[in-house]
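Below is one structure, written out as C-alpha cells; the observations come after it.
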Amino acid sequence: MAKDSKILVKLFKATFTLSAFTFGGGYVIVPLMRKRFVEDNRWIGEDEMLDIVAIAQSAPGVIAVNTGLLAGYRIAGVAGAFVATLATVLPPLIIISAIAMFYAAFIGNAAVSAVMKAMQAGVAAVIIDAVIKMGRSTVKGKDFKDAAIMAGCFALSYFLSINVVAIILSCAVLGAVNALIRAKKAGGRNDIP
Amino acid sequence: MIYLELFWSFFQVGLFSFGGGYAALPLIKARIVDMHGWLTLAEFTDVVTISQMTPGPIGINAATFVGARIAGISGSIAATAGCVAPSFIVVLTLAYLYNKYNKLEIIQIVLKWLRPAIVGLIAAAGLAIMLQAFLKDTATLYGLWNIDIFSVVLFAAGFLVLAKWKTSPVYIMLGSGLAGLIAYLIQLV
Numbered sequence: 003m004a005k006d007s008k009i010l011v012k013l014f015k016a017t018f019t020l021s022a023f024t025f026g027g028g029y030v031i032v033p034l035m036r037k038r039f040v041e042d043n044r045w046i047g048e049d050e051m052l053d054i055v056a057i058a059q060s061a062p063g064v065i066a067v068n069t070g071l072l073a074g075y076r077i078a079g080v081a082g083a084f085v086a087t088l089a090t091v092l093p094p095l096i097i098i099s100a101i102a103m104f105y106a107a108f109i110g111n112a113a114v115s116a117v118m119k120a121m122q123a124g125v126a127a128v129i130i131d132a133v134i135k136m137g138r139s140t141v142k143g144k145d146f147k148d149a150a151i152m153a154g155c156f157a158l159s160y161f162l163s164i165n166v167v168a169i170i171l172s173c174a175v176l177g178a179v180n181a182l183i184r185a186k187k188a189g190g191r192n193d194i195p
Numbered sequence: 014m015i016y017l018e019l020f021w022s023f024f025q026v027g028l029f030s031f032g033g034g035y036a037a038l039p040l041i042k043a044r045i046v047d048m049h050g051w052l053t054l055a056e057f058t059d060v061v062t063i064s065q066m067t068p069g070p071i072g073i074n075a076a077t078f079v080g081a082r083i084a085g086i087s088g089s090i091a092a093t094a095g096c097v098a099p100s101f102i103v104v105l106t107l108a109y110l111y112n113k114y115n116k117l118e119i120i121q122i123v124l125k126w127l128r129p130a131i132v133g134l135i136a137a138a139g140l141a142i143m144l145q146a147f148l149k150d151t152a153t154l155y156g157l158w159n160i161d162i163f164s165v166v167l168f169a170a171g172f173l174v175l176a177k178w179k180t181s182p183v184y185i186m187l188g189s190g191l192a193g194l195i196a197y198l199i200q201l202v
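Following this line, the structure appears as C-alpha cells:
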C-alpha cells in the first residue's frame, strides 16, 4: 500500500508539471508525457503511448485530460486515473482563476506576450523533436505501409484540415478491413487440404 | 442552483467536444454566450486569447474562467468538474476495453494502423505551431520579411539541446520564455 501511494504521489507530481507546461493545445502534452513516462520512468511503452493518444483523441472531452487519465489508469488503475485527472486540471484551474480576477491587465501586457511568443518557439522545438523520435520508432521496420499512413494522415490534417476524429476513425476502419482480408486469406489457405 | 447549472453546461461541453482544442470552441460559445449569456462575445474572445497565452486546455480554461466570473472559486471548480466528468466515464470505459481486448488480432492490426496515423497528426499540429511561432504576422502567411528570426534561433537552439542531451522539455520552454523576457527588456532600454 505504501508503494502504491508512492507511485500516486510520483504520478501526481509528474502530471501536474506536464500540465503546467502544456501551452498551445492538447498535442503538446504528448511529447512531454512521452519524455517523462516512456523515456525517463519507463512506465509506458512507446507503442502503448501512441495507443493512449489514439484513444484520447477519439473519445469526447479535453485531449490533455483524456491522455493524462489514460496514462494514470495504465500506471496505477482507477486511482491513478483520478490522480492524473486532478493533476492535469489543477494548474489551469489555479492560473485561470487568478487571471479571471484581473485579466484586462494580463492581456494588454507586452512583457507577457513577449515571453509567450518566445515560449512558442520552445514548444515547437519540443514537439518537432518528439515527432522525429516517434516517427523513427514507428517506421523502424521496412514496412512501407506505416510511412504511407503517417504521410497520408499528416497531409489530410495539415493541408486539407480534415477533422482529426474523422481521420482516426477512417484509419481504424481501414485497419479492421485489412485484418478481415488477412483472416479470410488465412481461412482460404486452410480450406486447401 | 448556479453550481449545478455550471456543472451541467460544461458536462455537455465535455461530452460533445470531439477532437479537442479549437474544435470545441463553437460548442462552448453556444452554451456560455448564446444560451446563458454568462459571457459577452468580447469576453469570450479574451478567454481564447488567454488560453493561447497560458498552459492548459481551452475547455478547462473556459470552464474555469466562466465559473470564476459567475460564482467565484467554487464556480470554477463546479464548471471544471463538469467538463472532465464525461471524459472520466467514457475514457475509463475505453481503457477497460483496450486492456481486455488489445490482444485480439483484429484490434492489434487496427492499432498498428492507428500508430503511424497519430504520429502524422501530431506532426501536422507541430508544424502548425512551428509556423505560428516563426511568423510575425500569422494573417499574412509567407514572405521573408514576416519571419521572426529570434524565434527561429530559439527553435534551433531548443531543438539542438533536445537532440544532443536528454534535457527535460520543461527546461526548453522555461529557457525560451526567459530569453524572450530578456530580449524584451533589452529592446526597452
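These protein sequences, in sequence, are chains A and B.
Residue numbers for the first sequence follow our numbering, so the first one is 3 and each next one is one higher.
Residue numbers for the second sequence follow our numbering, so the first one is 14 and each next one is one higher.
All C-beta atoms, glycine included, are put in the ideal place defined by N, C-alpha and C.
All figures in this text were calculated on a predicted structure; none of them were measured in a lab.
Handout entry: Where A/Q59 falls, given that 16 or more other Cβ within 10 Å makes a residue buried
Key = Locating residue 59 of chain A in the first sequence gives position 57, where the first residue counts as 1. Buried, by the Cβ-count rule.
Practice task
Sort B/N112, B/T53, B/A92 and B/P129 by Cα distance to A/G220 and report the nearest one.
Solution key: Nothing about residue 220 of chain A can be reported from this structure: the residues present for chain A run from 3 to 195 only.
Practice task
Would you kindly work out how many angstroms separate the C-alpha atoms of A/I134 and A/L158, rounded to a whole number?
Solution key: Working through the first sequence from its first residue, we reach residue 134 of chain A at position 132. Working through the first sequence from its first residue, we reach residue 158 of chain A at position 156. Distance between the alpha carbons of A/I134 and A/L158 is about 19 angstroms.
Exercise for the section: Starting from the N-terminal side, write out each stretch of the beta strand (DSSP E) that is 3 residues or longer and does not extend beyond the segment 24-71 of chain B. Expected result: The qualifying runs do not exist here; there are none.
Practice task
Check whether the Cβ atoms of A/A66 and A/S7 sit closer than 8 angstroms, and answer yes or no.
Solution key: Translated into positions along the first sequence, residue 66 of chain A becomes position 64. Translated into positions along the first sequence, residue 7 of chain A becomes position 5. Against a cut-off of 8 angstroms, the Cβ pair of A/S7 and A/A66 comes out as no contact.
Exercise for the section: Identify, in the order they occur along the chain, each residue of the same chain with its Cβ nearer than 6 angstroms to the Cβ of B/G95, setting aside the five sequence neighbours on each side. Expected result: Taking the second sequence and counting its residues from 1, one reaches residue 95 of chain B at position 82. Non-local beta-carbon contacts of B/G95 in its own chain, meaning distances under 6 angstroms to residues more than five positions away in sequence, involve F20, F23 and F24 in chain order.
Handout entry: Touch test, the segment 116-129 of chain A against the segment 181-193 of chain B, Cβ-Cβ under 8 angstroms, three pairs minimum
Key = yes
Exercise for the section: Determine, using beta carbons only, whether B/T93 and B/G85 come nearer to each other than 8 angstroms. Expected result: What you label residue 93 of chain B is simply residue 80 of the second sequence in a count that begins at 1. What you label residue 85 of chain B is simply residue 72 of the second sequence in a count that begins at 1. Result no, Cβ atoms of B/T93 and B/G85 do not sit closer than 8 angstroms.
Problem - B/F101, DSSP secondary structure in three states - result: Taking the first residue of the second sequence as 1, we reach residue 101 of chain B at position 88. It is helical.
Handout entry: Short Cβ contact (8 angstroms threshold) for A/I151 with B/W126
Key = As a working mapping, residue 151 of chain A is identified with position 149 in the first sequence. As a working mapping, residue 126 of chain B is identified with position 113 in the second sequence. Their beta carbons are under 8 angstroms apart, which means A/I151 touches B/W126 by this criterion.
Practice task
Would you mind working out which of A/I170, A/L176, A/V179 and A/A178 sits nearest A/I54, comparing C-alpha positions?
Solution key: Sequence index remark: in the first sequence, residue 54 of chain A carries index 52 (1-based). The residue with the shortest Cα to Cα distance from A/I54 is A/I170.
Handout entry: Contacts that A/F39 makes with chain B (C-beta to C-beta distance below 9 angstroms)
Key = Reading the first sequence from its first residue, position 37 is the one you call residue 39 of chain A. The premise fails here: A/F39 is roughly 13 angstroms from chain B at the closest Cβ pair, so nothing lies under 9 angstroms.
Handout entry: Residue range of the alpha helix (DSSP H) that includes A/R76
Key = On the first sequence, position 74 is the one that residue 76 of chain A refers to. Looking at the DSSP string, the run of the alpha helix (DSSP H) that includes A/R76 is I65 to M103.
Problem - Neighbour-count burial assignment, A/N68, 16 or more Cβ in a 10 Å radius - result: Translated into the one-based positions of the first sequence, residue 68 of chain A becomes position 66. Buried, since its Cβ has 16 or more Cβ neighbours within 10 Å.
Problem - Three-pair Cβ contact test at 8 angstroms for the segment 42-54 of chain A versus the segment 75-83 of chain A - result: yes
Practice task
State buried or exposed for A/F161, treating a residue as buried only when at least 16 other CB atoms are found within 10 Å of its CB.
Solution key: The sequence position of residue 161 of chain A within the first sequence is 159, counting from 1. Under the 10 Å beta carbon count, A/F161 is surrounded by fewer than 16 other beta carbons and is classified as exposed.
Problem - Between the CA atoms of A/G177 and B/I45 - distance to the nearest angstrom - result: Looking up residue 45 of chain B in the second sequence gives position 32. Looking up residue 177 of chain A in the first sequence gives position 175. Taking the straight line from one Cα to the other gives about 39 angstroms.
Handout entry: Best match in A/R138, A/A100 and A/L10 for proximity to A/V85 [C-alpha to C-alpha]
Key = On the first sequence, position 83 is the one that residue 85 of chain A refers to. Per the Cα distances, A/L10.
Practice task
Please confirm if A/F23 has its CB atom under 8 angstroms from at least one CB of chain B.
Solution key: The count along the first sequence starts at 1 and reaches residue 23 of chain A at position 21. A/F23 counts as touching chain B.
Exercise for the section: Would you decide whether A/K119 is buried or exposed? Buried here means 16 or more other CB atoms lie within 10 Å of its CB. Expected result: The count along the first sequence starts at 1 and reaches residue 119 of chain A at position 117. So A/K119 counts as buried.
Exercise for the section: Along the alpha helix (DSSP H) that carries A/I130, what are the first and last residues, could you check? Expected result: Looking up residue 130 of chain A in the first sequence gives position 128. A/I130 -> alpha helix (DSSP H) spans A112 to T140.
Practice task
With distances taken Cα to Cα, identify the nearest neighbour of B/V104 among A/S99, A/G63, A/L88 and A/I98.
Solution key: Stepping through the second sequence from its first residue, residue 104 of chain B is reached at position 91. B/V104 has its Cα closest to that of A/G63, out of A/S99, A/G63, A/L88 and A/I98.
Practice task
Could you tell me whether the Cβ atoms of B/L124 and B/N115 are closer together than 8 angstroms?
Solution key: By 1-based counting over the second sequence, the position of residue 124 of chain B is 111. By 1-based counting over the second sequence, the position of residue 115 of chain B is 102. In this structure, B/N115 lies closer than 8 angstroms to B/L124 by Cβ.
Practice task
Please classify A/I46: does DSSP put it in a helix, a strand, or coil?
Solution key: As a first step, residue 46 of chain A is located in the first sequence; it is residue number 44 there, counting from the start. Three-state DSSP puts A/I46 in coil, outside helix and strand.
Practice task
State yes or no: is the beta carbon of A/S99 nearer than 8 angstroms to at least one beta carbon in chain B?
Solution key: Position 97 of the first sequence, counted from the start, is the residue given in the question as residue 99 of chain A. Cβ-Cβ to chain B under 8 angstroms: yes for A/S99.
Practice task
State the start and end residues of the unbroken alpha helix (DSSP H) segment that holds A/R36.
Solution key: Here residue 36 of chain A is taken as the residue at index 34 of the first sequence, counted from 1. Bounds of any alpha helix (DSSP H) do not take in A/R36, whose DSSP letter is neither H nor E.
Handout entry: Under the three-state DSSP convention, the category B/L148 falls into
Key = For this step, residue 148 of chain B is matched to residue 135 along the second sequence. In this structure, B/L148 counts as strand in the three-state DSSP scheme.
Practice task
Please report the residue range of the alpha helix (DSSP H) in which B/V183 lies.
Solution key: The residue given as residue 183 of chain B occupies position 170 in the second sequence. Residues P182 to L201.
Handout entry: Through-space distance from B/G171 to A/M35, alpha-carbon basis
Key = For this step, residue 35 of chain A is matched to residue 33 along the first sequence. For this step, residue 171 of chain B is matched to residue 158 along the second sequence. So the alpha carbons of these two residues sit roughly 18 angstroms apart.
Handout entry: Short CB-CB distance (under 8 angstroms) between A/N43 and chain B
Key = In the first sequence, counting from the first residue as 1, residue 43 of chain A sits at position 41. Judged by the 8 angstroms Cβ criterion, A/N43 is not in contact with chain B.
Handout entry: Beta carbon proximity, B/A138 to chain A, threshold 8 angstroms
Key = Numbered from 1 along the second sequence, position 125 holds the residue referred to as residue 138 of chain B. Answer yes: the Cβ-Cβ gap between B/A138 and chain A drops below 8 angstroms somewhere.
Handout entry: Residue burial classification, A/Y29 (beta-carbon count within 10 angstroms, cutoff 16)
Key = Position 27 of the first sequence holds residue 29 of chain A. With 16 or more other Cβ atoms within 10 Å, it is buried.
Exercise for the section: On a CA-only basis, which of B/V132, B/D161, B/Q121 and B/G88 is nearest B/Y16? Give me that one, please. Expected result: Counting from one through the second sequence, the residue named residue 16 of chain B turns up at place 3. Minimum Cα distance to B/Y16 is reached at B/G88.
Problem - Interface residues of chain A facing B/F172 [CB-CB closer than 7 angstroms] - result: To locate residue 172 of chain B, count along the second sequence from 1; it is residue 159. Per Cβ cutoff of 7 angstroms: A127, I130 and D131.
Handout entry: Cβ-Cβ distance between A/L71 and B/S100 below 8 angstroms
Key = Indexing the first sequence from 1 puts residue 71 of chain A at position 69. Indexing the second sequence from 1 puts residue 100 of chain B at position 87. In this structure, B/S100 lies closer than 8 angstroms to A/L71 by Cβ.
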